[in-house]
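> This is the structure I want to talk about, given as structure tokens.
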Amino acid sequence: METNNDKMLKTFFAENKKEISDFGFSHRVMRKLPEQTDRSWIVWIFTSMGIVLTLLLGFQTGIISHIFRLLQIIPQIFILIGVLGFSIVAGIAVLFGQRKNFRIV
Amino acid sequence: MSNTDDIRWVTQVALLGDKRAFDKLTCKYQSFIRRFFLNLTMGNVPLSDDLAQETFIKAYLNISSFQGLSGFSTWLYRIAYNVYHDSVRAHKSYADLDQYQIDGQHQTQNEFSAEKMDIYKALKILRKEEQTAVLLFYMEDKTHKEIARIMNCPLGTAKTYILKGKEKLSVYLTQTGYGNK
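Keeping their order, the protein sequence lines are chains A and B. For the first sequence, my numbering begins at 1 and goes up steadily by one. For the second sequence, my numbering begins at 1001 and goes up steadily by one.
See the structure below:
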């Protein structure tokens, strides 16, 4: 149960609670960070491994040839609408994602 | 920005050494960590900024040890708490200096000094552990469990620190007439 003392302390600390502006603090921290080797190659290795694995399994199980057969059957206009629709939806999603993360320094 | 963002940025820093991701984490948490230090050091802006900087550098260097058992914020406060205590231990020889003289010097440089006189005076009546626990609870909105994790002590001990701090502060604020405002 919240007592009067609790309320008083909450008010006291709330009155003294301040947001501190960055004023270049993050930049100073970034400048002081030690240099580390670029490890972005890890992404490329795993991406390549993923592609190779997908192609291997796709050809072995016949999924890829099945997809090609389907593409020949489905009318081209549907494929075009699907690709365009996906690009538009993905584009809008990325745009909103960037807006959400946008900050003024 | 949610905890999911934190996990994504931490993963990018830990796996790829991505400094931009760490910059986002720094921007998000700098205010909380600097405020925490500012209150612990009784308004000493240069010292609190130095300690905050050390905290973020340590976090960057040890980010792979973050296991995600607690939130990134709790983990960061834990580092901050350790940094502060290392600093206190290292500068214990200065403890005999006239504290009021030091505070007076710093308060003239501090942009919040006039408004924050009350809180620093109030915090001074508490022991270091009580100050930390009370600040984490009332100012930084941490739970008892998180405070115990940050201060690396049993849950009961953390609760005791908060309770004792609360009692002392209530008496102090009542005596100074704050409760009547």
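Note that beta-carbon positions come from the ideal geometry of N, C-alpha and C, so glycine has one too.
Over what stretch of residues does the alpha helix (DSSP H) that includes residue 17/A continue unbroken?
On the first sequence, position 17 is the one that residue 17/A refers to. That residue, residue 17/A, is in no alpha helix (DSSP H); it is neither H nor E in DSSP.
> With contact counted as at least three CB pairs below 8 Å, one residue from each stretch, are the region 1140-1154 of chain B and the region 1067-1085 of chain B in contact?
As far as the Cβ criterion goes, the region 1140-1154 of chain B touches the region 1067-1085 of chain B, which means the pair count is three or higher.
> Helix, strand or coil: how does DSSP classify residue 11/A here?
Start at 1 with the first residue of the first sequence, and residue 11/A comes out as number 11. If DSSP states are grouped into helix, strand and coil, residue 11/A belongs with the helices.
> Using the rule of at least 16 other Cβ atoms within 10 Å of the residue's Cβ for burial, across every protein chain shown, is residue 1146/B buried or exposed?
Along the second sequence, read from residue 1 onward, the residue named residue 1146/B stands at position 146. Burial call: buried.
> Would you give the residue range spanned by the alpha helix (DSSP H) that residue 1142/B belongs to?
Here residue 1142/B is taken as the residue at index 142 of the second sequence, counted from 1. First-last for residue 1142/B: undefined, no H or E at that position.
> Should residue 1035/B go down as buried or exposed, given a rule of 16 or more other Cβ atoms within 10 Å for buried?
Within the second sequence, the letter at position 35 stands for residue 1035/B. Buried: at least 16 other Cβ atoms inside 10 Å.
> In its own chain, which residues sit with a C-beta less than 7 Å from the C-beta of residue 1064/B, not counting the 5 before and 5 after it?
Taking the second sequence and counting its residues from 1, the one referred to as residue 1064/B is at position 64. Contacts found: 1014.
> So residue 1133/B and residue 1165/B are in contact, right, with Cβ under 8 Å, and what is the actual spacing, rounded?
The count along the second sequence starts at 1 and reaches residue 1133/B at position 133. The count along the second sequence starts at 1 and reaches residue 1165/B at position 165. Yes, residue 1133/B and residue 1165/B are in contact; Cβ-Cβ is about 6 Å, under 8 Å.
> Would you say residue 108/A lies against chain B (beta-carbon separation less than 9 Å)?
This structure gives no information on residue 108/A, because the portion of chain A shown stretches from 1 to 105.
> Between residue 1175/B and chain A, is any beta-carbon pair separated by less than 9 Å?
As a working mapping, residue 1175/B is identified with position 175 in the second sequence. With 9 Å as the cut-off, residue 1175/B does not count as an interface residue toward chain A.
> Would you say residue 1114/B lies against chain A (beta-carbon separation less than 9 Å)?
Taking the first residue of the second sequence as 1, we reach residue 1114/B at position 114. Interpretation of residue 1114/B is limited by its pLDDT of 47, a score under 50 that renders its predicted location unreliable; the figure taken from the coordinates is listed afterwards. Closer than 9 Å: no.
> Can you check which of these residues, 1022/B, 1003/B, 1043/B, is closest to residue 1118/B by C-alpha distance?
For the purposes of this step, residue 1118/B is identified with residue 118 of the second sequence, where counting begins at 1. Looking at the Cα atoms, 1043/B is the closest of the given residues.
> Can you check which of these residues, 1158/B, 1156/B, 1136/B, is closest to residue 10/A by C-alpha distance?
Counted from its first residue, the first sequence places residue 10/A at position 10. For residue 10/A, the nearest C-alpha among the options comes from 1136/B.
> Return the residue from the list 1009/B, 1038/B, 1004/B, 1076/B that minimises the CA-CA distance to residue 1123/B.
One-based indexing of the second sequence puts residue 1123/B at position 123. Looking at the Cα atoms, 1038/B is the closest of the given residues.
> What residue range is occupied by the uninterrupted alpha helix (DSSP H) comprising residue 1034/B?
Residue 1034/B sits at position 34 when you count from the first residue of the second sequence. Per DSSP, residue 1034/B belongs to the alpha helix (DSSP H) from 1019-1040.
> Are the region 1018-1035 of chain B and the region 1125-1132 of chain B touching by the rule of at least three beta carbon pairs closer than 8 Å?
No: the two stretches stay apart, fewer than three of their Cβ pairs being nearer than 8 Å.
> Residues of chain A with CB closer than 8 Å to the CB of residue 1124/B, please, in chain order.
Mapped onto the second sequence, residue 1124/B falls at position 124. What residue 1124/B touches in chain A: nothing, since even the nearest Cβ is about 14 Å away.
> Let me check understanding here. Comparing Cα to Cα, which of 1091/B, 1169/B, 1007/B, 1076/B lies closest to residue 1061/B?
Working through the second sequence from its first residue, we reach residue 1061/B at position 61. Ranking 1091/B, 1169/B, 1007/B, 1076/B by Cα distance to residue 1061/B puts 1076/B first.
> Please list, in chain order, all residues of the same chain as residue 1033/B whose beta carbon is under 8 Å from its beta carbon, the five residues on each side excluded.
For the purposes of this step, residue 1033/B is taken as the residue at position 33 of the second sequence. Excluding sequence neighbours, residue 1033/B sits near 1052, 1055, 1056, 1076, 1077, 1080.
> Examine chain A for any beta-carbon lying closer than 9 Å to the beta-carbon of residue 1030/B, and answer yes or no.
In the second sequence, counting from the first residue as 1, residue 1030/B sits at position 30. Yes, residue 1030/B counts as interfacial toward chain A.
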